[in-house]
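Take 1333 as the starting number for the sequence shown in the numbering used here and just add one per residue. These notes concern the structure reproduced below.
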Amino acid sequence: GLSVSANNNQSSARILVIGLASGQLVSFLQRHTPNAQLQVVEASSAAVDIAMRYYHLHPSVLDCVSIVDPLDYVKSSCLDGREGGDFDTIIVNVCSSEDTFPTLLMNDDFFKGLM
């Protein structure tokens, strides 16, 4: 199995995934960590459509996907110890069209919000 938290299997780890990509990572987490509470933040509805159409992403994955700007999500949900931002695991799964880390996320607010 996959351990995403120091908690025992009866407890529920909270996992934030920033970036859906093909959805395979999120599908894997759903299958192998059934007690985990997943929250996926994806900036592009087109990316979700591509994952559904070309990668056959199961519709149940969409239950945990929010289409919102990742920086806005981190600012509103993770900064200043706001409730809802207490994740056990954070996975940043993003790249730009140039296959690099997006410059819009290269700032202190984003990274401080994740810590």
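Positions of the beta carbon are idealized from the N, C-alpha and C atoms, including for glycine.
Item	Value
Please work out which residues of its chain come closer than 8 Å, Cβ to Cβ, to residue 1392, disregarding the five sequence neighbours upstream and downstream, and give them in chain order.	1362
According to the neighbour-count rule (16 or more other Cβ atoms, all chains shown, within 10 Å of its Cβ), is residue 1376 buried or exposed?	exposed
Please determine, among 1418, 1386, 1387 and 1374, the residue with the shortest C-alpha to C-alpha distance to residue 1404.	1374
According to DSSP, is residue 1338 helix, strand or coil?	Residue confidence for residue 1338 is low, a pLDDT of 46 falling below 50, so the modelled location carries little weight; the figure read from the coordinates is stated next. Correct three-state label for residue 1338: coil.
Can you give the Cα-Cα distance for residue 1345 and residue 1425, rounded to whole angstroms?	19 Å
With which residues is residue 1421 paired in a DSSP beta bridge?	1347
Since residue 1356 sits in a beta bridge, which residues does DSSP pair it with?	According to DSSP, residue 1356 bridges with nothing at all.
Please determine, among 1380, 1419, 1388 and 1384, the residue with the shortest C-alpha to C-alpha distance to residue 1398.	1380
Using C-beta distances below 6 Å, list every residue in its chain close to residue 1367, excluding the 5 sequence neighbours before and after it, in chain order.	1344
What do you reckon, is the C-beta of residue 1347 under 7 Å from a heavy atom of the ligand NAP?	Among the components modelled here there is no ligand, and therefore nothing to report on the ligand NAP.
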